[in-house]
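According to the working numbering, the sequence shown holds residues 41 to 205 in order.
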Amino acid sequence: MSTSLPERTARDLTGMLVQAAHAMNTRLAVALAEIDSTPRAHCILLHAMEAQRTQSELAQIAGLDKTTMVVTTDELERAGLAERHPSPTDRRARIIVVTPAGEELVRRGEVIVDRVHAEALDGMSPGERQVFVDALTRLEQMPAADTVPAAGTEKPTRRPRRPRQ
């Protein structure tokens, strides 16, 4: 039995994943707006509650660039949901600490996120759900392109930097 995908499916896999991610993020954004939150804020607050993490570590977990993370953290601070504290191990780093109001928002948000995820998976049998989640987990754990050597080289593939103008 062949395990290869039809040419069109293999070629469009990235596009399908991007569209699925966009659809899920849009659903989450609409649903989290019910409690005046966003997927980005929820992600940052949730992961900041799990462990003592720096702003940079949270940006990496959430897939945010440095500027977007700073803006997001500023918004969370203004809303009274999080605070920046100096890192005890690195004077240049800031730990994001979730306030009680932020913790309550995360608790309310988790109910919404669970509902949106359940709705998205509702059309699948339990076995299909498990296969789907397992496959996404494997895809998520793949190394990023900038950590994998390009074919025929020993150096990671990176997009060339453009000179500043």
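Using N, Cα and C, we set each Cβ at its ideal position, and we do this for glycine too.
Since this is a predicted model, take the numbers as computed values, not measurements.
Keeping to the same chain, check which residues put their C-beta closer than 7 Å to that of residue i; ignore five residues upstream and five downstream.
i    : result
L145 : I75, S77, L85 and L121
M64  : A160
Residue i: buried (16+ other C-beta within 10 angstroms of its C-beta) or exposed?
i    : result
L98  : buried
A88  : buried
L53  : exposed
Q95  : buried
T108 : exposed
T177 : exposed
Reducing DSSP to helix, strand and coil, say where residue i ends up.
i    : result
R178 : helix
T122 : For the sequence presented, residue 122 should be read as Ala rather than Thr. Correct three-state label for A122: strand.
T113 : helix
T94  : strand
R148 : helix
R169 : helix
For residue i, which residues from the same chain have a beta carbon less than 8 Å from its beta carbon, with the 5 sequence-adjacent residues on both sides left out?
i    : result
T139 : G120, L121, A122 and E123
R67  : V156, E159 and A160
Leaving aside the five residues before and after residue i along the sequence, list all residues of the same chain whose C-beta is less than 6 Å from its C-beta, in chain order.
i   : result
A71 : I152 and V156
Identify the residues that DSSP records as bridge partners of residue i: which are they?
i    : result
V137 : E123
Validate contact between the region 147-161 and the region 73-92 using beta carbons, cut 8 Å, 3 pairs:
yes
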